[in-house]
Amino acid sequence: MPTLLRLTPDDVARSARRVMARCDELALVTAERGHIERVYLSPEHARVNRLAAEWMREVGMRTWQDAAGNQVGRYGPDDLPALMLGSHLDTVPDAGRFDGIVGVLMAIEVVRMMRHAALADPDWRLPFALEVVAFSDEEGTRFGKALLGSSAVAGSWNDEWWALEDGDGTSLRQAFLEFGLDPGRVGEAARRPDELIGYLEAHIEQGPELDRRGESLAVVSSIASARRFQLVVEGEARHAGGTPYDMRRDALLGASEAALSVERICRGEHHIIGTVGQFEAYPGAVNIVPGETRFSLDLRGEFDGERDRVWDRISHELDDIMGRRGLRWRAHEVHSAPAVLCSPLLQDVIRQGIMATRPVGADDPAVIFSRAGHDGMAIGAIADVGMLFLRNPDGISHHPDEFVSGGDVAAGLRAFGEAVLHLAHESR
Ligand code: HGY
Ligand code: MN
Ligand code: MN
């Protein structure tokens, strides 16, 4: 395929090496030595924002931290709408080095490419500005509600979130103030749809499909919808020795049966994924029958309606289980985000970008449904969304062994840059 980018393979390889080195540098900014953890409104969040801002300015961007703690850079005239590029710099606990991070760094390199093209040919200009956003809380690790940074940008901040508390009992409002942000001004982070021509994100796949296909890049068709719940099962704490089985109301066993039913129900469905990631029994002593068990449920689906139908199925199953065991249960929903269909135009420019990295006559790239959530789920409310996936060998993610190769990052950079140029061509 003809490439629009006048960059040598060495230029792109150098960019990829810079991305990989900076992923390693950002991995050192963590709350706990020995593993990677960076949460919203933490000192680590502030440090990576400063590093990202420095790298954005290095490629000629004007930078600012928005009213929700997202780090933003802009390249191009103020009177043009912007193509937003980005991903997130926050992490899950004991994270890998690439989830979110590689997308922010690749976005900065794409700006470097466009600036290189503009410097080489003063008559050449993009028909839009470029903005890079390093979103501050895609994972929801600290407060349980995900996409806080991108929800603010999308103008969908909910004031009920201020009362959310982290594990130390610090409210989101208090954490805002301690970070130096004014809760009353969070609305200033909101962007209007007319300011943007779209949102593109490069991300590791976080699944094994590209690895199994032996391909390095893919177009994303849609992003799974998500609902997250905290569930409580109540029974009766009793003596572990003296209580006969027929007198027990064991909350841990009820919750365990519930977790297994989530797996059984979701495995029988198409593109529905349910996971119990947190599980705690109380009072939590060796010699006490658990009187209460709290656990989480992360439920995703390709379509909101299908996901909700399965949640109803799970709820009915929990009614049966708990009824049979003389237990009570309740659920509190802590996060919900709709599925996002990636726009046909942005899917196509990413497809063309990937084709530019392949020999003439090569097959079209894979088109993959993202089971992982991304900031595009929030940004989809104000802009069309497109995503480029990079191969993540074995698909392991949310784990220190998460990986992407420098070669695939180089291919991804060229594809990402070409996609932006194809979009520019379509936008003229
Ligand atoms: O949970 C997710 O899918 C994303 O990595 N936050
Ligand atoms: Mn993640
Ligand atoms: Mn991510």
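Using the numbering used here, the letters of the sequence shown map in sequence onto residues 802 to 1229.
We treat Cβ as the ideally placed atom computed from N, Cα and C, and that holds for glycine.
Just how far apart, CA to CA, sit residue i and residue j?
{"i": "L1098", "j": "L948", "result": "17 Å"}
{"i": "A1173", "j": "E826", "result": "25 Å"}
{"i": "V893", "j": "F944", "result": "12 Å"}
{"i": "H1136", "j": "L906", "result": "27 Å"}
{"i": "D811", "j": "I1066", "result": "50 Å"}
{"i": "A1082", "j": "N1088", "result": "12 Å"}
{"i": "R1125", "j": "I902", "result": "47 Å"}
{"i": "L1011", "j": "I1180", "result": "25 Å"}
{"i": "R1108", "j": "G1102", "result": "5 Å"}
{"i": "V873", "j": "R1049", "result": "56 Å"}
{"i": "A1211", "j": "D1120", "result": "51 Å"}
{"i": "L1189", "j": "S1023", "result": "11 Å"}
{"i": "S951", "j": "T809", "result": "35 Å"}
{"i": "R823", "j": "H889", "result": "14 Å"}
{"i": "F1217", "j": "K946", "result": "30 Å"}
{"i": "A918", "j": "E1219", "result": "12 Å"}
{"i": "L1018", "j": "A935", "result": "22 Å"}
{"i": "Q975", "j": "L982", "result": "10 Å"}
{"i": "L1001", "j": "G1036", "result": "48 Å"}
{"i": "P1194", "j": "T1158", "result": "20 Å"}
{"i": "R916", "j": "L927", "result": "10 Å"}
{"i": "P1145", "j": "V1168", "result": "12 Å"}
{"i": "D1047", "j": "I1074", "result": "35 Å"}
{"i": "L806", "j": "E1064", "result": "47 Å"}
{"i": "Y841", "j": "E940", "result": "9 Å"}
{"i": "V1034", "j": "R1095", "result": "6 Å"}
{"i": "R1114", "j": "S1062", "result": "10 Å"}
{"i": "R858", "j": "H836", "result": "29 Å"}
{"i": "M764", "j": "P1166", "result": "Because residue 764 is not part of the residues shown, which for the chain are 802 to 1229, the question remains open."}
{"i": "V830", "j": "R1131", "result": "38 Å"}
{"i": "A920", "j": "E1016", "result": "Just to set this straight, residue 920 is Leu in the shown sequence, not Ala. Their backbone Cα atoms lie some 34 Å apart in a straight line."}
{"i": "D960", "j": "G1078", "result": "27 Å"}
{"i": "H1072", "j": "G1042", "result": "44 Å"}
{"i": "F1030", "j": "A1138", "result": "12 Å"}
{"i": "E989", "j": "F977", "result": "14 Å"}
{"i": "H1226", "j": "P994", "result": "21 Å"}
{"i": "A953", "j": "V987", "result": "7 Å"}
{"i": "R1039", "j": "L1032", "result": "21 Å"}
{"i": "H1200", "j": "E838", "result": "11 Å"}
{"i": "H1223", "j": "T942", "result": "36 Å"}
{"i": "D1202", "j": "L1191", "result": "16 Å"}
{"i": "L852", "j": "T864", "result": "11 Å"}
{"i": "G870", "j": "A1086", "result": "41 Å"}
Would you list the one or two residues that DSSP bridges to residue i?
{"i": "S1097", "result": "Q1031"}
{"i": "I1169", "result": "V1021"}
{"i": "V905", "result": "Its beta-bridge partners do not exist; DSSP assigns none."}
{"i": "Q872", "result": "Q866 and A935"}
{"i": "E1037", "result": "R1050"}
{"i": "M1188", "result": "E1002"}
{"i": "A930", "result": "A883"}
{"i": "L978", "result": "The partner list for L978 (beta bridge, DSSP) is empty, contrary to what the question assumes."}
{"i": "L1146", "result": "Note: L1146 sits in no beta bridge, so no partner."}
{"i": "E966", "result": "S972"}
{"i": "S1026", "result": "G1102"}
{"i": "L997", "result": "A883"}
So residue i packs on residue j, CB below 8 Å; how close in whole Å?
{"i": "A1025", "j": "S1171", "result": "6 Å"}
{"i": "E1070", "j": "V1111", "result": "6 Å"}
{"i": "V911", "j": "V1221", "result": "6 Å"}
{"i": "G1008", "j": "A930", "result": "Going by Cβ atoms, the distance from G1008 to A930 rounds to 33 Å, so no, they are not a contact pair."}
{"i": "A883", "j": "L997", "result": "6 Å"}
{"i": "S972", "j": "E966", "result": "5 Å"}
{"i": "D900", "j": "I1005", "result": "6 Å"}
{"i": "G1207", "j": "R913", "result": "With 8 Å as the limit, G1207 and R913 do not qualify as a contact, their Cβ atoms being about 17 Å apart."}
{"i": "A832", "j": "S843", "result": "6 Å"}
{"i": "D881", "j": "A908", "result": "The sequence given here has Leu at residue 881, not Asp. 18 Å between Cβ atoms; not a contact."}
{"i": "V1090", "j": "D1051", "result": "5 Å"}
{"i": "A1163", "j": "F1104", "result": "Between F1104 and A1163 the Cβ distance is about 31 Å, and since that is not below 8 Å, they are no contact."}
Near ligand 1, which residues have their beta-carbon closer than 5 Å to a heavy atom? E940, A1173 and G1174
In the region 1054–1141, which residue ranges form an unbroken alpha helix (DSSP H) of at least 4 residues, counting only runs that do not cross its ends? 1105–1125
Closer than 5 Å is what we want: which residues have a beta carbon that near any heavy atom of ligand 4? List them in chain order. As far as ligands go, the structure on display features ligand 1, ligand 2 and ligand 3 and does not contain ligand 4.
Any alpha helix (DSSP H) of 4 or more consecutive residues that is wholly inside the region 812–895: 844–859
Which runs of the alpha helix (DSSP H), 4 residues or longer, sit entirely within the region 936–960? 949–954
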